[in-house]
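Participant:
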Amino acid sequence: MLEVCERVADRALEHEQVEAYGVQSWRANVSARRGAVESVSSTETSGIGVRVVSGSRLGFASTSDLSPDGLRQVLADARDNARYGTPDDRNTLPDDGVRDPQPGPEPARTSVREKLELALEIDRLADKLDPDVRLTAASYWDQVAEVSIASSRGTRAAYRSGTAEAHIAAMVDRDDGVVTSFGYAAGVTLADVSADEVATTAVTRAVQQARPGRAATGPTRLVLEPLVAAELLDVIGRALCGDEVGRGRSVYAGETRAGLAAPDVELVDDPASAPPGWRRPVDDEGVATGRTVLVADGTIRSLLHSTSTAREAGTGSTGNAGRNGHRALPAVRPGVLTLDAAVTPTAALLNAADDAVLVRELVGLHTGVDPVTGRIEVDLIGMWLRGGEPTDSVRDTSLSCTFAELLCAVRATGDDRRLYPMSGIIGGATLLLDGLELTGAT
Amino acid sequence: MAGYGAQVLSEGDISAVLGEALRTGAEWSDLYVERRSTTSVRVSNGAVEQIGSGLDVGAGVRVVRGDLTAYACTDLLSRDALLDAARAAAAALDGTGSAEVRDLTRRGGPATAAAQPDAAQVERAAKVDLALRCEAAARAEPGGVSSVSVSYTDAHVALLMAGSSGFVSEDNRVRTRLMCRAVARADGLVQRANDDIAGTWGLELFREHTPEDLGRRVAARAVRLLDSDPPPTGEMPVILAKGGAGVFFHEACGHGLEADTLVLGESVFAGRAGQRVGSPLLTGVDDPTLAGGYGSYAFDDEGTPSTPTPLLDQGVLVGDLTDLRSADALHRPGSNGHGRRQSYAHLPQPRMSNSFISPGADDPAAILADTRSGLFCEGLGGGEVDPATGEFSFRVTEAYLVENGELTRRIRGAHLTGRCLETLSLVDAVGTDFASSQALCGKAGQSVPVTYGAPTLRARMRVGGG
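Protein sequences, first through last, are from chains R and X. Numbering-wise (numbering that gives the first Met the number 0), the first sequence opens with residue 0 and increments by one. Numbering-wise (numbering that gives the first Met the number 0), the second sequence opens with residue 0 and increments by one.
1) With a CB to CB cut of under 6 Å and the five nearest residues on each side skipped, what residues in its chain are close to R/Gly413?
2) Along chain X, in chain order, which residues have C-beta atoms closer than 7 Å to that of R/Arg213?
3) Is there a Cβ of chain R sitting closer than 8 Å to that of X/Arg394, yes or no?
4) At what residue ranges does the region 132 to 162 of chain R contain a whole run of the alpha helix (DSSP H), taking only runs of 4 or more?
5) Is there a Cβ from chain R that is less than 8 Å from the Cβ of X/Ala387?
6) List the whole-angstrom C-beta distance separating R/Leu124 from R/Ala198, where the pair is believed to meet the contact cut-off of C-beta under 8 Å.
7) Taking the CB atoms as reference points, tell me whether R/Pro86 and R/Gly54 lie closer together than 8 Å.
8) CB of R/Glu120 to nearest heavy atom of the ligand MN: below 7 Å?
9) Name the chain X residues that come within less than 8 Å of R/Met0, Cβ to Cβ?
10) Between the Cα of X/Glu234 and the Cα atoms of X/Gly65, X/Gly373, X/Gly378 and X/Met160, which residue gives the shortest distance?
11) Take the Cβ of X/His345 as the centre, count every other Cβ of all protein chains shown within 10 Å, and call the residue buried at 16 or more, exposed below.
12) What number of angstroms, rounded off, separates the C-alpha of R/Gln23 from the C-alpha of R/Cys240?
13) Out of curiosity, what's the CA-to-CA distance linking X/Ser325 and R/Leu134?
14) Closest by CA to X/Phe391, which one among X/Val315, X/Glu421 and X/Ser28?
15) Helix, strand or coil for X/Asp12? Go by DSSP, reduced to three states.
16) Under 8 Å between the Cβ atoms of X/Val267 and X/Ala328?
17) Thinking just about the alpha-carbon of each residue, which of R/Thr216, R/Ile425 and R/Ile375 is nearest to the one in R/Gly439?
18) Counting C-beta neighbours from all protein chains within 10 Å, is the total for X/His249 16 or more, i.e. buried, or is it exposed?
19) Please report the distance separating the alpha-carbon of R/Pro104 from that of R/Tyr158.
20) Indicate the three-state DSSP secondary structure (helix, strand or coil) for R/Thr317 in the structure shown.
21) Is it true that the CB of R/Arg112 sits closer than 8 Å to the CB of R/Ala465?
22) With a threshold of 8 Å on Cβ separation, who are the neighbours of X/Cys331 within its own chain once the five nearest residues in sequence on each side are excluded?
23) Please say whether R/Arg98 and R/Gly21 have beta carbons closer to each other than 8 Å?
24) If we cut at 8 Å on Cβ distances, does R/Asn80 have a partner in chain X?
25) Measuring only the C-alpha atoms, how far is X/Ala114 from X/Leu202?
26) Under 8 Å by Cβ, that's how I've got R/Asp122 and R/Gly34 pegged, so tell me the actual separation to the nearest angstrom.
27) Following the continuous beta strand (DSSP E) through R/Thr412, name the residue where it begins and the one where it ends.
28) Counting only runs of 4+ residues fully inside the region 192 to 278 of chain X, write out the alpha helix (DSSP H) ranges in chain order.
29) If we require 3 or more residues per run, which beta strand (DSSP E) segments fall completely within the region 274 to 321 of chain R?
30) Counting Cβ pairs, one atom from each stretch, are 3 or more of them under 8 Å apart for the region 448 to 465 of chain X and the region 222 to 236 of chain X?
31) Are the beta-carbon atoms belonging to R/Val267 and R/Asp339 less than 8 Å from one another?
32) Rank X/Arg138, X/Cys72, X/Ala46 and X/Ser39 by C-alpha distance to the C-alpha of X/Ala154 and give the top, closest one.
33) Would you verify that the beta carbon of R/Met170 is, or is not, closer than 8 Å to some beta carbon of chain X?
34) Give me, in chain order, the residues of the same chain whose beta-carbon lies closer than 6 Å to that of R/Glu15; leave out the 5 immediate sequence neighbours on both sides.
35) Alpha carbon to alpha carbon, how far is X/Asp12 from X/Ala98?
36) Which of helix, strand or coil does DSSP assign to X/Gln485?
In structure tokens, the structure reads:
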């Protein structure tokens, strides 16, 4: 694919910048239910996206047609589109792109048989744990992708990535309705995904959630499970991206105040904290990735930037250009984002959290956590904790706060950090929060 | 065959691919071929920031035996590539084939209005102009607009679908959307608003709904929300204004009637066909044949002709939304044409298209006057629902406190939660008015365009936020 990209980039005219971004990906999705395979799906796709900067006007075109005619046409379309763009000095390709492609090791590929065995194992284990619990299909899906980037400014970059995920949901019937929960695990390859963890988490949680429940009201100590912590950090991370801030679509636009987080909370984007396959050597315009401290001592230290947003902000790219495949222009997104605070062994953290609410799911996450207003309006699904153990379920309880109130409430993180594929790779560890106000149904 | 399919595949090619897929014992096989060309424009703060175009072609072959489905796809449309995809799908089965491909017959579908003019044939300058006009109108709105972003997208999709049961269906879809987002700031408070104009039309979409109206409407809402209060919390009467109430129907009812969840008992509506599941004031339908609807199509993505499907009749559950697999599992004679997919890289699943609650008998003004205290929701944003539990959550984009039958304080940041069956039964007023809106609806990793509409209605719900 790099060769294809080079052929396009090398056709740049004088006074014109051309970049070709190619992706080849292999995806598979399997599911099993009640001991039998339910579905098997495999997809192999490839395509190329071409950026043309002509006199500071930007044009873009993409195609899945990689024939010589297709490549000629996509470049012509990108040039033609550039005629309609507004001249803007931010429109430029990086001149500091990597020139020696080191794509890294290819994530291990697995056979359809291995994928099916994992899904069947999740289904079998979950069913064995509690035959009275109803189960959805056990699903497993993975993707391996190879990205290549070549530009007329000399960039020659490539990386390989992989993602493997598995899920099952469990349902418990009660007199007043159904209670559901789920198990989920993710990693770079199938070997990173534990069937036992997915099955046990789904069934154990569903059974616990079916216990009698009560609402929580007033200031309450909260313990967020790692996935919940990661989901919130994912949205906060989006608000720290230079493109959203530059367009005024972030609560952090123009924000210079202190007190945005507890003093010992650090938000850090650092690819080195992820394993190969999630640790990309370059971003999606070929700029080397690196460590960026976003929030420390309660203030914003830096934003995440691509070449374009960095130019607008008068700084350098942080290597955080990201694309949704070959059909999209680069935006800004986290590479590997984590929240660091005082680390406590998770077991000790849970033991100390007496009369606290353990949050396992957020209802309304996609509409109720807003990077523009910086508000969090969600309902909580979880358990009351007594002596570190879940007792009653939490019902009809809402959390309403700002990003700053949430980050200022952080007291400690557990030592159980996991990484999840979201808008970037997002880290989540058990998170202890104090002082947030909950509203329970009356 | 006369359309796009004939340009890339002969009838012999199609039969050969479907036949190859049957070799390992599948009961039936089908083929989905797609060519998608797109244009996108993004305008922000007076500048054309992005303009792009795209071309994607691809095809997928599916085989089905009993409860097992296997699917493989390719972005090469040669006979050999499609035969390889057929073999890849068939490899998931381990039997020998006895089913055969029947003679292919071209299916007729409902007549759909052709986009005039077809967006694919319109000069890009005209599309850029639409976005610029919308953005300028929004930015000119007084009162604190700090940021405006407008995106224009169109897609022209040519489809061929064929099945070993002996059919070929072809569909051409033109979808156009203009979306405006505005942010307003004052005294440290940030509020945002967004809305769109969208449909299965070309640029004639903008004859009735002008880009300027869209821009002004969105910006004015963002500005209004700067002068607002946090919501009251707790359970109370909630009036959903016309249009926004469609989101409620879509989430609280529609998703739970997508038949894949019914088949497996993963919906609160499972086993309730013919029973009363809501207020007798509620009658609802899903109609993919609606002229210009954002979710409209002549054939669904399995080649089944589209048809309106009644869902609720005076509160009684009378229908659900099926694709081929779920219809078979429910022992129906066939799908009712709701198998949809995001692209050739995805398997179809039962989905809504254009879903509506029919207007009722109550004067909308009387509904308000009759409400002693509660919340009037002018608009609902996105929402989500767990079909198994029926628990839903919606974001309210703009609301007003109701006191003694009148709108008083403007409210921001409210969200509504509840349980479908309980809330549907608590609807106690349905207006004579009606409005609709449109969105991209997500399910199991796939997004498809939909429309939803409703009259003003009132029910008790739980209000949170602040």
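The beta-carbon is built from N, C-alpha and C at its ideal position, and this holds for glycine as well.
Facilitator: Quick look at the numbers:
1) Thr345, Leu348, Ala428 and Thr429
2) Those do not exist, as R/Arg213 stays about 16 Å from chain X at its closest Cβ, beyond 7 Å.
3) yes
4) none
5) yes
6) 4 Å
7) yes
8) The ligand MN is absent from the structure shown, which contains no ligands of any kind.
9) Near R/Met0 there are no residues of chain X at all, since even the closest Cβ is about 13 Å away, more than 8 Å.
10) X/Gly373
11) buried
12) 27 Å
13) 18 Å
14) X/Glu421
15) helix
16) no
17) R/Thr216
18) buried
19) 9 Å
20) coil
21) Nothing about residue 465 of chain R can be read from this structure; chain R reaches only from 0 to 441.
22) This sequence places Arg at residue 331 of chain X; Cys is not what is there. Closer than 8 Å at Cβ, skipping near neighbours: Thr321.
23) no
24) yes
25) Low local confidence applies: a pLDDT of 49 at X/Ala114 is under 50, so the model's placement there is unreliable, and no value is given.
26) 7 Å
27) Val409 to Thr412
28) 204 to 207, 210 to 223, 243 to 248 and 258 to 262
29) 291 to 295
30) yes
31) yes
32) X/Ser39
33) yes
34) Ser53
35) 18 Å
36) Here chain X comprises residues numbered 0 to 465, so residue 485 of chain X is not present and cannot be evaluated.
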